[in-house]
Amino acid sequence: MFTGIVEELGEITALEWHGAGAVLTVRGPQVTSDAGHGDSIAVNGVCLTVVTVDGDTFTADVMKESFDRSSLGAVVVGDRVNLERAATLSTRLGGHLVQGHVDGVGTILSKTPGEMQEDVRITLPADLNRYVVEKGSITVDGISLTVAVIDDESFTVSLIPTTVELTTLGRKGVGEQVNLEIDVIAKYVEKLVRTS
Numbered sequence: 022m023f024t025g026i027v028e029e030l031g032e033i034t035a036l037e038w039h040g041a042g043a044v045l046t047v048r049g050p051q052v053t054s055d056a057g058h059g060d061s062i063a064v065n066g067v068c069l070t071v072v073t074v075d076g077d078t079f080t081a082d083v084m085k086e087s088f089d090r091s092s093l094g095a096v097v098v099g100d101r102v103n104l105e106r107a108a109t110l111s112t113r114l115g116g117h118l119v120q121g122h123v124d125g126v127g128t129i130l131s132k133t134p135g136e137m138q139e140d141v142r143i144t145l146p147a148d149l150n151r152y153v154v155e156k157g158s159i160t161v162d163g164i165s166l167t168v169a170v171i172d173d174e175s176f177t178v179s180l181i182p183t184t185v186e187l188t189t190l191g192r193k194g195v196g197e198q199v200n201l202e203i204d205v206i207a208k209y210v211e212k213l214v215r216t217s
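Take 22 as the starting number for the sequence shown in the working numbering and just add one per residue.
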C-alpha cells in the first residue's frame with residue numbers, strides 16, 4: 022500500500038530483458054536507504070518487489086503483465102521515474118490509499134501553465150470512466166492527484182509547483198503515456214452494489 026506522495030525522482034540505470042519480462046535497475050538513494058529484499062517500491066505507480074539492493078540502486082523483476090498494463094514497457098536507461106516506498110502503520114496519509122496496481126494507461130492531451138498551477142488533461146480509458154469523479158482522487162504515474170474536471174474521454178488535474186518540480190509529470194510532454202490507478206474504494210462500492 023502506498024499514499025501517492027512521491028519521495029524522489031529515480032533513474033533507470035539498466036533494463037535487462039529475459040523473454041517478455043525484464044530485470045529493472047533503478048537508482049534512488051532515498052528509497053534504497055532502508056530497502057531490503059522483498060520490500061515494495063512503487064515505480065511510476067507500479068508496485069515492484071525489491072530483489073537486490075546495491076548502494077543507491079535496487080533491482081526488481083518485472084513480469085509481462087506489468088508491461089502490458091502499464092507504461093513501463095516504454096522506459097529506457099536514463100529515464101526518470103517517480104519512486105515511493107510502501108507505507109507503514111506510522112506513515113502520514115498525505116495522498117490517498119494507492120495499491121500500486123495500474124488500471125490503465127492514459128495519454129497527456131494538453132498542458133496549460135497558469136499563475137499558480139499547471140493544468141494537465143489526460144485521456145481516460147472508457148472502462149475506467151465510471152470510477153472517476155470530479156474532486157475525487159486518481160493516481161497518475163504514482164502521484165496522488167485530485168480530479169478537477171472530467172468528461173467522457175478525459176480528465177484534468179491541476180499540478181502545484183512542487184508537483185511540477187519534483188515528479189515526472191512536470192517533465193512529460195503532450196503525447197506521452199502515464200499510468201493510471203483509480204481509487205480502489207470505487208471498485209469495492211461497485212461490486213457491493215452490483216451483488217446486493
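In this text, a Cβ means the ideal position worked out from N, Cα and C, and glycines have one as well.
Own chain residues within Cβ distance below 7 Å of residue i, not counting five before or after
| i | result |
| --- | --- |
| Val205 | Leu118, Gln120 |
| Val141 | Ile129, Lys132, Thr177, Val178, Leu180, Leu190 |
| Thr112 | Thr24 |
| Val74 | Thr53, Ala56, Gly57 |
| Leu145 | Gly127, Val153, Glu174, Ser175, Phe176 |
| Val67 | Ser87, Ser91, Leu93, Gly121, Val123, Asn200 |
Cutoff 8 Å; reference residue i; Cβ partners in own chain excluding five residues on either side
| i | result |
| --- | --- |
| Val71 | Ala56, Gly57, His58, Gly59, Asp60, Ser61, Ile62, Phe79, Thr80, Ala81 |
| Ser158 | Gly25, Gly116, His117, Ser165, Leu166, Thr167, Val168, Asp204 |
| Leu36 | Ala43, Val44, Leu45, Thr46, Val96, Val97, Val98 |
| Leu114 | Thr24, Ala108 |
| Glu155 | Val168, Ala169, Val170, Ile171 |
| Arg192 | Arg101 |
Host beta strand (DSSP E) of residue i (start-end)
| i | result |
| --- | --- |
| Ala207 | Element bounds for Ala207: not the beta strand (DSSP E) but the alpha helix (DSSP H), 205-216. |
| Glu186 | Unbroken run through Glu186 is the alpha helix (DSSP H), 182-187; no beta strand (DSSP E). |
| Pro8 | Nothing in the structure corresponds to residue 8, since the chain is present only between 22 and 217. |
| Val47 | 42-48 |
| Val170 | 164-171 |
| Thr70 | 67-75 |
| Val153 | Run containing Val153: none; DSSP gives neither H nor E here. |
| Gly125 | 125-134 |
| Glu174 | No beta strand (DSSP E) contains Glu174, which DSSP labels as neither H nor E. |
| Leu104 | 101-106 |
| Ser54 | Neither: Ser54 is in no beta strand (DSSP E) and is coded neither H nor E. |
Boundaries of the alpha helix (DSSP H) in which residue i is found, first to last residue
| i | result |
| --- | --- |
| Ser218 | No statement about residue 218 is possible, as the shown extent of the chain runs from 22 to 217 and does not include it. |
| Glu86 | 85-90 |
CA nearest to the CA of residue i, picked from the options
| i | options | result |
| --- | --- | --- |
| Glu105 | Thr133, Val98, Gly116, Gly40 | Gly116 |
| Asp148 | Ala108, Ala207, His39, Cys68 | Ala207 |
| Asp124 | Arg151, Glu139, Gly135 | Arg151 |
| Pro134 | Val98, Leu36, Arg215, Val195 | Val195 |
| Gly31 | Arg101, Gln138, Cys68 | Arg101 |
| Val184 | Thr160, Ser175, Glu202, Asp89 | Note on identity: in this sequence residue 184 is Thr, with Val being the wrong assignment. Ranking the options by Cα distance to Thr184, first place goes to Thr160. |
| Phe88 | Glu29, Asn200, Lys193 | Asn200 |
| Asp172 | Ile143, Glu202, Val83 | Ile143 |
| Gln138 | Glu202, Pro182, Lys193 | Pro182 |
| His39 | Glu202, Arg192, Val83, Glu136 | Val83 |
Cβ-based burial, residue i [other Cβ within 10 Å; buried from 16]
| i | result |
| --- | --- |
| Leu213 | exposed |
| Gly49 | buried |
| Gly76 | exposed |
| Ala41 | exposed |
| Thr46 | buried |
| Thr216 | exposed |
| Leu110 | exposed |
| Glu186 | exposed |
| Val170 | exposed |
| Glu29 | buried |
| Glu136 | exposed |
Test: residue i CB closer than 9 Å to a CB of chain C
| i | result |
| --- | --- |
| Glu139 | Included in the structure is just one protein chain, with no chain C present. |
Cβ neighbours of residue i in the same chain (closer than 6 Å, five flanking residues each side left out)
| i | result |
| --- | --- |
| Asn103 | Val27, Asn65, Asp162, Gly163, Thr188, Thr189 |
| Gln198 | Ser92, Val126, Thr128 |
| Val210 | none |
| Lys85 | Ala41, Gly42 |
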